[in-house]
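Numbering (the working numbering), first residue to last: 388 to 642.
Worksheet for the structure shown next.
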Ligand SMILES: NC(=O)c1ccc[n+]([C@@H]2O[C@H](COP(=O)([O-])OP(=O)(O)OC[C@H]3O[C@@H](n4cnc5c(N)ncnc54)[C@H](OP(=O)(O)O)[C@@H]3O)[C@@H](O)[C@H]2O)c1
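Next up, the structure:
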């Protein structure tokens, strides 16, 4: 029997999981992307793109496609789609698993200021002009127009368009992973004195946090949003094992 699996993605882990499931004859996985990134990386399984129309729309999609398992492997800050996924799974009576990448914890030498939302990060920069590295999604950086006194270095996957309505901003287009040594060079080259970051967790974007620590630079860290409590794993490997459990009957696994 082939199990239909819908992976809600937009993350490196979702792509890795799709790659793992792509080779399995007993699974037919589809990866769903929000459709925000202009040229997403190839995924190895069929991709659908764009919103479903809320939790009801997702529930209808699960029913129409005969999906057997829903996997929420979205970014930890994509709280809306995770809430929708949990609700749609309940409504459509489809089992759900989530990949919940653990957040970073501050260590000795880190100079973090914790804030709840990106808007609060703008305030946390304070009244004195600073040189700020914004490693945030392009939809979020607009909030910093409220503090035009700072210099901003903005790094994003897609261009920030329109550009920020501030007198002093520069832009970098890049897709991670980013290594600590390169991040350190970047922070030094641009004489950055504060980094604004989400607590994404994982290795791929930790380089800037480690680099900030090494250079004694402040980090304004936006706390994670609350996510629904569903069965979850912290790594792609652990989640793949949960999928295996779901897909293969007990006698086949020999347990
Ligand atoms: N937020 C971040 O920091 C961040 C960072 C890296 C990657 N991403 C990825 O970018 C995407 C959008 O993030 P977001 O923060 O804008 O999400 P969000 O606020 O939680 O979701 C907003 C809406 O976008 C649609 N959507 C989101 N993810 C989707 C998916 N994988 N497939 C189909 N529709 C999706 C849904 O529309 P409908 O209600 O119409 O279904 C959802 O209600 C996510 O896939 C996420 O994994 C986000």
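Ideal Cβ positions, reconstructed from N, Cα and C, are used throughout, including at glycine.
If you draw a straight line from the C-alpha of residue i to the C-alpha of residue j, how long is it?
i           : j           : result
residue 479 : residue 553 : 47 Å
residue 507 : residue 415 : 43 Å
residue 432 : residue 457 : 15 Å
residue 577 : residue 397 : 29 Å
residue 521 : residue 483 : 34 Å
residue 505 : residue 617 : 26 Å
residue 496 : residue 602 : 10 Å
residue 493 : residue 586 : 10 Å
residue 524 : residue 420 : 15 Å
residue 409 : residue 418 : 10 Å
residue 437 : residue 452 : 16 Å
residue 551 : residue 444 : 34 Å
residue 548 : residue 584 : 20 Å
residue 476 : residue 530 : 33 Å
residue 510 : residue 454 : 44 Å
residue 449 : residue 481 : 8 Å
residue 593 : residue 498 : 15 Å
residue 440 : residue 631 : 30 Å
residue 627 : residue 411 : 11 Å
residue 527 : residue 435 : 24 Å
residue 643 : residue 490 : Any answer about residue 643 is impossible in this case: the structure gives the chain only from 388 up to 642.
residue 579 : residue 465 : 28 Å
residue 467 : residue 518 : 32 Å
residue 695 : residue 568 : Since the first residue shown for the chain is 388 and the last is 642, residue 695 is missing from the structure and cannot be characterised.
residue 500 : residue 606 : 6 Å
residue 447 : residue 392 : 15 Å
In three-state terms, what does DSSP make of residue i?
i           : result
residue 464 : coil
residue 605 : strand
residue 579 : coil
residue 584 : strand
residue 505 : helix
residue 459 : strand
residue 421 : coil
residue 432 : coil
residue 623 : helix
residue 614 : coil
residue 558 : strand
residue 500 : strand
residue 448 : helix
residue 552 : coil
residue 519 : strand
residue 538 : strand
residue 408 : helix
What residues in its chain sit with their C-beta under 7 Å from that of residue i, if we drop five residues either side in the sequence?
i           : result
residue 615 : 469, 470 and 473
residue 338 : Beyond the ends of the chain as shown, which are 388 and 642, falls residue 338; an answer cannot be given.
residue 545 : 424, 425 and 525
residue 566 : 594
Output yes or no for whether 8 Å exceeds the beta carbon distance between residue i and residue j.
i           : j           : result
residue 400 : residue 623 : yes
residue 620 : residue 608 : no
residue 537 : residue 516 : yes
residue 534 : residue 512 : yes
Since residue i and residue j are thought to touch, with beta carbons under 8 Å apart, how far apart are those beta carbons, to the nearest angstrom?
i           : j           : result
residue 488 : residue 589 : 5 Å
residue 423 : residue 502 : In fact, because the Cβ distance is near 23 Å, the residues do not count as touching under 8 Å.
residue 542 : residue 559 : 4 Å
residue 591 : residue 612 : In fact, because the Cβ distance is near 20 Å, the residues do not count as touching under 8 Å.
Quick one: residues in its chain with C-beta nearer than 8 Å to the C-beta of residue i, no 5 flanking neighbours on either side, listed in chain order?
i           : result
residue 574 : 520, 582, 595, 598, 599, 602 and 604
residue 413 : 388, 389, 390, 634 and 635
residue 556 : 538, 539, 540, 541 and 550
residue 462 : 397, 398 and 587
Could you name the residues of the same chain whose beta carbon sits closer than 6 Å to that of residue i, not counting the 5 residues immediately before and after it, in chain order?
i           : result
residue 562 : 544
residue 442 : 471, 474 and 475
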